Each structure stands twice: as structure tokens, then as C-alpha cells.
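In order, the protein sequences belong to chains A and B. Going by numbering that gives the first Met the number 0, the letters in the first sequence line up with residues 0 to 394, in that order. Going by numbering that gives the first Met the number 0, the letters in the second sequence line up with residues 0 to 547, in that order. Cβ atoms here follow ideal geometry from the backbone N, Cα and C, with glycine treated the same way. These numbers come from a predicted model, not from an experiment.
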Amino acid sequence: MGLNGLRSSKILAKNNRTTIVGIIAVILVTSILILFAFSIFSGSKATKLTIYTYESLINWGLDPKAANTIVFDTFEDMHGIEIELRYFSEATDLLTVAIQEKNDPQADIIIGLDNILVFEAKKQNLFQQYNSSMLTHINPELINALDPEHYLLPYDYGSIALYYNAEHFNETYGLDKSYFDQIKLVDLLDPMIARELILIDPTSSSTGLSFFLWTIGVCEYTPEGQKPDKNWQQWWEEIDEYLQIEASWTDAFNAIYSGTTNRHMVISYATDGAYNMLFYNSTDLTACLTHENGQTGDNGYAWLQVEGLGIVKGTKQLELAKKFVDWFLGPTAQAVLPLNQWMYPANSEVVLPPEYDYAVNISKVESLNALVPTADIENNLESWLDTWELIVIGG
Amino acid sequence: MFFYWPLFTILGDSILTDEGTLTNQYLLTVINDRLNRRFFLFTFQQTLVSVFFSLLMGLPGAYIFAKYRFRGDSLLKNLLTVPFVLPPIVVVLGFILAFGPEGMVNGLWKEVSGSNDPLIDIYKTFWGIILAHTFYNASVFIRVVGAGWEQLDPEFEEVATTLGSSKSQIFLKITLPRLFPSLLAASVIVFLYCFTSFAIVYSIGGIHFQTLETRIYTTTQAFWKEDRFHLGAALALIQLFICIVLAWIYAKQSEQIRGEKAGYKAIQQKKFLFSEKVGLARKIGAAGYFMFLGLIILFPIATIILTSLVSKDGNISLQAYMDILIEEHNPFLGASPRLQILNTLTFSILTTIGATFLALVAAYALNSIGTANTFRITSRRLLIIFTLIPMASSNITFALGFLRTFGNTLMKADNIWISIVLAHILVAFPFANRSINASLEAQNPEYRQIAATLGASRFETLIKIELPLILPGIIAAATFSFAISMGEFGATYFISSPEYSTISVGIYRFLDMRQMQTSAAMAVLLIVVCVSAFLIVERLGRVERILG
Chain A
0 MGLNGLRSSK
10 ILAKNNRTTI
20 VGIIAVILVT
30 SILILFAFSI
40 FSGSKATKLT
50 IYTYESLINW
60 GLDPKAANTI
70 VFDTFEDMHG
80 IEIELRYFSE
90 ATDLLTVAIQ
100 EKNDPQADII
110 IGLDNILVFE
120 AKKQNLFQQY
130 NSSMLTHINP
140 ELINALDPEH
150 YLLPYDYGSI
160 ALYYNAEHFN
170 ETYGLDKSYF
180 DQIKLVDLLD
190 PMIARELILI
200 DPTSSSTGLS
210 FFLWTIGVCE
220 YTPEGQKPDK
230 NWQQWWEEID
240 EYLQIEASWT
250 DAFNAIYSGT
260 TNRHMVISYA
270 TDGAYNMLFY
280 NSTDLTACLT
290 HENGQTGDNG
300 YAWLQVEGLG
310 IVKGTKQLEL
320 AKKFVDWFLG
330 PTAQAVLPLN
340 QWMYPANSEV
350 VLPPEYDYAV
360 NISKVESLNA
370 LVPTADIENN
380 LESWLDTWEL
390 IVIGG
Chain B
0 MFFYWPLFTI
10 LGDSILTDEG
20 TLTNQYLLTV
30 INDRLNRRFF
40 LFTFQQTLVS
50 VFFSLLMGLP
60 GAYIFAKYRF
70 RGDSLLKNLL
80 TVPFVLPPIV
90 VVLGFILAFG
100 PEGMVNGLWK
110 EVSGSNDPLI
120 DIYKTFWGII
130 LAHTFYNASV
140 FIRVVGAGWE
150 QLDPEFEEVA
160 TTLGSSKSQI
170 FLKITLPRLF
180 PSLLAASVIV
190 FLYCFTSFAI
200 VYSIGGIHFQ
210 TLETRIYTTT
220 QAFWKEDRFH
230 LGAALALIQL
240 FICIVLAWIY
250 AKQSEQIRGE
260 KAGYKAIQQK
270 KFLFSEKVGL
280 ARKIGAAGYF
290 MFLGLIILFP
300 IATIILTSLV
310 SKDGNISLQA
320 YMDILIEEHN
330 PFLGASPRLQ
340 ILNTLTFSIL
350 TTIGATFLAL
360 VAAYALNSIG
370 TANTFRITSR
380 RLLIIFTLIP
390 MASSNITFAL
400 GFLRTFGNTL
410 MKADNIWISI
420 VLAHILVAFP
430 FANRSINASL
440 EAQNPEYRQI
450 AATLGASRFE
460 TLIKIELPLI
470 LPGIIAAATF
480 SFAISMGEFG
490 ATYFISSPEY
500 STISVGIYRF
510 LDMRQMQTSA
520 AMAVLLIVVC
530 VSAFLIVERL
540 GRVERILG
């Protein structure tokens, strides 16, 4: 023991050692000073509007920067304030965080909760009502599909769809458009197709959640002649065998484009055909619905997702928040949505761009939502999801 | 201290309802949940298998390093230990880049064989997790058992040989039992790490393979469950209990090891590996072993470095580095990589100061208690356990505790950084503490007494004699804290917000978005820092002391 002590002191006697320590110390102190200086001087004193949203908000167009400038920067300039955007991976994360911060909310506005998450949001009393003047430009059906009480106001809507590589299916299996124009949910259970399917986790993604409700809607709520012979649990049990599941829509969407998974069908949105046309000038990837209702093509069943924004209860920027909601539902901001958000704008005055000729025609779609009573969703969502977990993860 | 308050909150959350009544409903719900039970079992399964394979992989190395020396042996030893000092998220990235579906191995296979099916599929498989864990932990066995083996007096074996025992008999009956303490210590360390492993299981395992640790996370993220925090806390409590037990075993064990070292150290005559005295078979065996190990351990790292340098169209470029250092705002991150780097540096510096200082204080406290009587020995042991618990328990548990304790104050967007720094300090503290502790204990108390007789005040003695003597320990502590903070993922991921995220979170997010090159570039930064830190500590001779 004594020997060790002496040895280390000998080592330390060398000048290098102390110099090194000295240099390290100086670097440390200087860096700290610089960093603190940075933080003090970079904080601005302007009024801030804090907005929470999911990361894909208007970020999927050809020029996301421009889109963000139009929507957010313009508003900042108009009112001489600063917007602080905080991104989360998925809408479900938004909900989780909002509930966490309930007693001391940090956000003024939350953009992105949809017509399924709205129940929990209202139960938790997260928002305040706002009867925006812009609501007159929005189809009342949309408003009621989301929240007739105006805690959450709809800013866009879309339908979930199966987005698949038509070229691949045609070349490999000889399945062309006529097949997909009549495809039903149970057809997805065919191993040949199940192996091509990329699903999304409903517990971590609102897209996944919407598709989950789709399966429940078709298996439990369609009229007798259309109902498949399986209930929703059986459907998931069977697909579990070939399951590939991703945690978020972003993951799933990237998976089909990057080709890493060797699967060519993913749960996504009905507008994705338009996206593919704009970005790749091709129709190799396209979207379809399911057709238990006996109709073909765009007239099939789909689950509609209506997304909304709301003013957080307890916000200190109420007037500013109201102005932002009006702005976001107004023509300028809404016009950005089709090509950057790939959802249909809620404001009915916006003209759809020509690329949308390649999207599923939403006016033809038969909505599954209408078949499922909202009370059922409210009361059963927890047990549905718990059961789903057992089937898929426990399976 | 800051650690115990969140811990108590978790305790509280798990046994108290929102109204404050005592209940065991959460614990019961959690235990009765079929999924939880299944994954609880799985946690043990994967941990035991990981430990076994790490042992298998590491033991030959321990033997070789203990008995032989050769040119470059310490360099090799260090290289093989690199994964252990790397943050888990880098390990994950390396694995995915090397062995993943799009990875190097499969890519080469596609070229060579023309088939579309991957050769190795580690994503979302059991063996993928095991492989990653082994890669990460094999070196623990190499070093700890190797060091222990090195110091075994060969007399016993020599006597046995002259008495006519066979080689295998000697190994089983003499060497193995004497190696037992270091074997156990190494096993416990690896067990703890694999048991609480988050990043590896979370990314490579997918939803079908979850452990107790990832369950805590997913349970608290289940937005549709009212009690999710209570349930998560209940799970955390169970995990904590197991970890404490293991930490206690480890604490007892390291006392024993130190006891042995305190005896006489044998000077082993290590044979030079490449001399004529050593049989060819052995040479080939050793070379083969190291090549194999090197492949598994270093290949992923090399892949990371390579990936960071190759842009999408296959050209060598430093584009990724430019991106992360210059790019202003990446909408998908909500922050720029540059900001993340700045944040990480800030947090790490703050953590280093905090952890080292605390460690110093704790070490002195421990030292002054001494081992004079039973009471002191027990309280000393308790104190050791207290300081070890942070190392043993999981980062997610911390984060959860923080969230619930400081939820309203520290989690405010502006103050999140405080939570992150605190969490880092707590994770780094045990390592810093053990490092300083080792130095303090090695110190000869006589110096203090001599200085006193020569008229120096307590304070003077402290500054002029003791601190310089334990300076290597302090430097080691600081370096460890810095590296650990830079690489911390679990807790930071849980707590962070886009403005206050770190490099490790960035690596994960870029990986998520399949931006491999950027992810790799950031990982290279971490690799450089961690390896440098490690080499500094190695120079000071502290590594074995920290581990055992």
C-alpha cells in the first residue's frame, strides 16, 4: 500500500502530468464560460407561443422549409411574436405528454390529436373550447366527426389505406388493379399477401391505431352480409404469424421505400399515390381500400382520420392562441396542407392540386367511422388495446 | 440525496393510489399480467444466456492474457475492451450497420450470392440480442478474470503437477475454485448490465422481445391506461429489488477480491507466446481466437466509421460530418445536430464536475468510517451498497422517478436540462466513486500522520499531500464521468425534449429515420471520446480496480 502511494507520487512528479491536468482544467472552465455566455445571450425576450405537434407536420413536401415559412414564420411576422415548435414522434406521444403536463401546461396549442385520441383528451380535460369564426368554412360533418363541442377543431382529414407496390404485385403474383379494386380485409390473411404487409403498432402510432379500428369496424360493426367470418381477435391472431410491425408511421413508410424489408404493402394514407406522383413521377405505388361493402375501387370502406388542433387549458397566451387557430384554419395555411401534409384540408375553400388525381377520391369512400358508435370507442379502447397486445406480442 | 427521493417516489407510486391509500393493486396487476410475466422470464433467460456466452467468449482470452505475453498484448486487450466503454446506442448502431438487414454482411452476401434473402437476420431476434450483449460484455470476463488469474500464485498448480495430477484435474480442482471470486464478480457485472439493458433490447428486440426494463418504458407510454405510471413504478420496484440483491452480492465479492490482492502478489512468469517453447497448436488457437473475437467486437465499430464516410451514392465524403456540424435545423429532430453536440458537451462537463465532487466527498466519508469495529464494517458495507445501487439499477427507473418527483418543476421545458444532468451524475457517480475510493484506500495513512507531526494543518495536508496522491483516481473518475455522460441514452431519451437532446438521442433518431450516414458520424464522435477517455484511464492503471 505504501509502495503504491510513493509510486503514484513519482508519476505525478513528472511535469507532464500536472501540465495536462492544468490544460484540461483551463479547457473545461473556458468551455463552461462560453456555453453559459451563449445561453444567456441567445434567449430572446419576445412573446412566445408554444406549439406541440408531431414531427411529420407539413414536412413531407418538396420544400419543407418553404412550407414551414408560410405557416409559421408568416404568423410570427404578422404578430411580432415567436413560435416555439416542439416535435414529437407521433400523435400518441403528444397525448402522453399533454396529460403529464396537465397541472402545469407548457404548451399553448397542440396540433395533431385525431378522432380516436380525442376521447382521452377530453376525458383528461386538456383543452378549452373555441368557436373559431373559421368553422363556417368547414364541413359540419367533419367538425362533428372530431368534436362537436369544439375543444378540438379539425384542420385536416384523410383516409387510411393500404399503400402497395402495384408493379411488384403484378409482376410477382399476377395481381393487377382489378384484384385490388375488390380486395377485402380477410384477403390480407392469405400468406402470400400477409408476407408482404407492414403493419403499424396501434399502441405507439395514431396511424396504427386508425387501422386497428378499421379491423374492428369491419369485423364487428359491418352489417350481416358484409361481416367476415372472423372476429377482430382472430384476424390479428392469424396475421400474427407473418407479422411485421413498426412502431411509427414514419418507420413503416420508410421501410417500404428503402426496400430493406422485402415487403411491399404498408398501412398508410389514401393520398400517398399523389405523393408518389409528385416525388417520383410514377404510379408504381398506389393506395387501395377494402371492399366488404360490395363496391369497388374508391367506393370501398376506409377508416377516416380527422386531425385537430386545440388550445391548451391554462394557456397564458389565450388571445394569441385563438388568432393562431384562426390562421391555421384559414385559406393561406390550409393551402399548404395538400402537398406538404398529404391530407385533405378541412377548409373547403382550398382547391386541390392536380396531383390529387392520383389519390383515392375521398368523396367516394364509405366511412367505417359512421358504423362504430363513439361511445363504444370510448368505453372499450382500453380493453381492445390490452387484448391486442396479448394477441400480437404474447402470441 | 437526489437519487433517493425519486426512488421513494417510485416506491410510493407503486404502493399508493392517487388518493394516498396503501395498496398492492398495482403490484398485483403487474405481476398478474401475462405479458409481464412472460417478459420477466424472458429477461432472466436472455440475461443468463448472455452471461454464459460472454463467459465462453471471454474465458479463453482471460487465460491467454494471464499466461502469455506477446507484442501488442496490452493494445489488444484495450481494443477488446472498447465495446464495454461504448454507450449502448453505439453498440446498437454498429450491430445494425454490420449485421442488420441492410448491413454490410448481408450486403456483401447479396452481391456474392445474388439472393435477396439475408444471410444473417439479427433484427428482432433472440440471438441478435444475445450477440449484441456478448459483444458488449465479453471483455469484462477477459479483464476481470484475466487479472485475477494473473495474480494466482502458480505454486499450487506446480505442486499438484509434481504430485501427478492431470491438467484437467488441476484446472477443475485448483485453478477454478481460486478463480471463483473474480468469475463471480465478472458474472454479476455482466448480469446486471444485461438485466437492465435498454437500448439493445429496445432497438434490436422489437415488440416481441421485451424485458423488464423495456416494459417499464412501454407501460408508462401506454397512453390509454390511466394508471400507467403506477404500473410502471410497480415494475420498477421489482427490478430494483433484484438489482439491489445482486449489488449486495457484488459488494461482498469485491471485498473478497481485494482481500486476496492484499495478500502477496505472485509474479507470474508469463511465457512469451511466440517463442519456441509454446506449441504450434496453441499459437494457432490463440491467433484464431483473437481473430474471431476481433471480428465480432471490432467489425461493428469499423462499419460505423466506414458508414460515416460513405455518402448515399457510394462516394467517400465527409458530408455527414459537415451536416452535423453545420446544419441549422432539422425539422425531424426539432433541433440541429450541432445543438445536440453542444448540449452533450455541456451536460457532460457539468456531470463530470458534479459526479467527481460527490464521489470525492463520499469516498472520504467511507474512508473515515474505517473498519474498526463491526458497526463500522456494516455501515461501511451499507454505504458501499448505497453508492452501488445507482450503478446497479436501470436508467429507465431513474428517469421514471425523476419524471414523477420533479414532474412539475424540473420537467418544465426550460429546466429539463437540470433533470438530464442530475440523471447523468447519478449514473456516473458509482464509477467515479469506486475510482476515487480505490485511490484513497491505496494511500498510506502514514503520510497524513507524518504531515501532522511536521506541523501541517488538516487542510494543508489535504491540499498538498492527499489530493495530489489520489489525483490519478480523481482524473480517472472525471474521465469516466465524462464518457458515461456523453453516451447515456436510456434516461436521456425518456426525459429529453428536442431542444435538450444529446448526441446519443440523435444517433437513435437518425437511425430511426434511416439516415445511416449522419447517425454513424455522430456515433464516431462518441467512439472517439469514449475510447480516448478509456485510454487515459487505462494509462492510470485504474480499469481493473474499477471493475473488481
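For this session: Whole angstroms is fine: what's the gap from B/V200's alpha carbon to B/S484's?
Result: 20 Å
For this session: For the beta strand (DSSP E) containing A/N379, list its first residue and its last residue.
Result: That residue, A/N379, is in no beta strand (DSSP E); its alpha helix (DSSP H) goes T373 to V391.
Problem set entry | Span of the alpha helix (DSSP H) around A/K322 | L317 to F327
Exercise. Given A/R262, which residues of its chain have a CB within under 8 Å of its CB, disregarding the five upstream and five downstream residues?
Worked result: R194, E195, L196, I197, Q243, A254 and I255
Exercise. Taking DSSP as the reference, what is the three-state secondary structure of B/E297?
Worked result: Sequence inspection shows Leu at residue 297 of chain B; the Glu mentioned does not correspond to that position. DSSP places B/L297 in helix when its eight states are reduced to three.
For this session: Give the DSSP bridge partners of A/P153, in chain order.
Result: A/G307
Exercise. Where does A/R85 sit, in a helix, a strand or coil, going by DSSP?
Worked result: strand
Exercise. Considering only residues of the same chain and omitting the five flanking positions on each side of B/I419, which have a CB-CB separation below 8 Å?
Worked result: F346, A490, T491, I494, S495, Y499 and T501
For this session: Check each residue of the region 363–391 of chain A: if its Cβ is closer than 7 Å to any Cβ of chain B, include it; give the result in chain order.
Result: L380, E381, L384, E388 and L389
Problem set entry | Buried versus exposed call for A/T46 [16 or more other C-beta atoms within 10 Å across all chains shown] | exposed
Exercise. Alpha carbon to alpha carbon, how far is B/R227 from A/Y357?
Worked result: 43 Å
For this session: Would you please state the rounded distance, in angstroms, between the beta carbons of A/Y86 and A/E54? I believe it to be under 8 Å.
Result: 4 Å
Problem set entry | CA nearest to the CA of A/A301, picked from A/D228, A/I108 and A/C287 | A/C287
For this session: Indicate whether at least one CB of chain D lies closer than 8 Å to the CB of B/H207.
Result: This model lacks chain D altogether; the protein chains it does include are A and B.
For this session: For the region 169–187 of chain B, enumerate the residues whose C-beta is nearer than 8 Å to any C-beta of chain A, in chain order.
Result: none
Exercise. Would A/N124 be called buried (16 or more neighbouring beta carbons within 10 Å of its own) or exposed?
Worked result: exposed
For this session: Using only alpha-carbon positions, find the residue among B/T517, B/C193, B/A451 and B/L525 that is nearest to B/A482.
Result: B/L525
Exercise. Are the beta-carbon atoms of B/L341 and B/G60 separated by less than 8 Å?
Worked result: no
Exercise. Could one say the Cβ of A/D200 lies closer than 8 Å to chain B's Cβ atoms, at least one of them?
Worked result: yes
Problem set entry | A/E365 in three-state terms, based on DSSP | strand
Exercise. What number of angstroms, rounded off, separates the C-alpha of B/H328 from the C-alpha of B/R337?
Worked result: Annotation note: pLDDT 48 at B/H328 (below 50); position unreliable, no value reported.
Problem set entry | Under 8 Å between C-beta atoms of B/L79 and B/I141 | yes
Exercise. Considering only the beta carbon of each residue, do A/E240 and A/W231 sit closer than 8 Å?
Worked result: no
Problem set entry | For B/F488, the three-state DSSP class (helix, strand or coil) | coil
For this session: Can you tell me which of the three DSSP states B/Q516 falls into?
Result: helix
Exercise. Around the C-beta of A/S247, are 16 or more other C-beta atoms found within 10 angstroms, so that it is buried, or is it exposed?
Worked result: buried
Exercise. With respect to the alpha helix (DSSP H) encompassing A/C218, which residues constitute its N-terminal and C-terminal limits?
Worked result: Careful: A/C218 lies outside any alpha helix (DSSP H) and carries neither H nor E.
For this session: Could you check if B/V527 is buried or exposed, using at least 16 other CB atoms within 10 Å of its CB as the buried criterion?
Result: exposed
For this session: Return the chain-ordered list of same chain residues with a C-beta closer than 6 Å to the C-beta of A/L298, the five sequence neighbours on each side being excluded.
Result: It is Asn, not Leu, that sits at residue 298 of chain A in the sequence shown. Around A/N298: K363.
Exercise. So, is the C-beta of A/G313 closer than 8 Å to a C-beta in chain B?
Worked result: no
For this session: Ignoring anything shorter than 4 residues or poking outside the region 219–252 of chain A, list the alpha helix (DSSP H) runs there in chain order.
Result: 231–239
Problem set entry | Proximal residues of chain B, C-beta to C-beta of A/L94 below 8 Å | F222
Exercise. Between A/F40 and chain B, is there a C-beta pair that is closer than 8 Å?
Worked result: For A/F40, the predicted model reports a pLDDT of 44, less than 50, meaning its position is unreliable and no value from the coordinates is stated.
For this session: Drop a sphere of 10 angstroms on the beta-carbon of B/R70, count the other beta-carbons inside from all chains shown, and report buried for 16 or more, exposed for fewer.
Result: exposed
Exercise. CB-CB under 6 Å to A/Q333, same chain, minus the five flanking residues each way: which ones, in chain order?
Worked result: P344, N346 and V349
Exercise. Using 8 Å as the Cβ pair cut-off and three pairs as the minimum, do the region 146–160 of chain A and the region 170–185 of chain A touch?
Worked result: no
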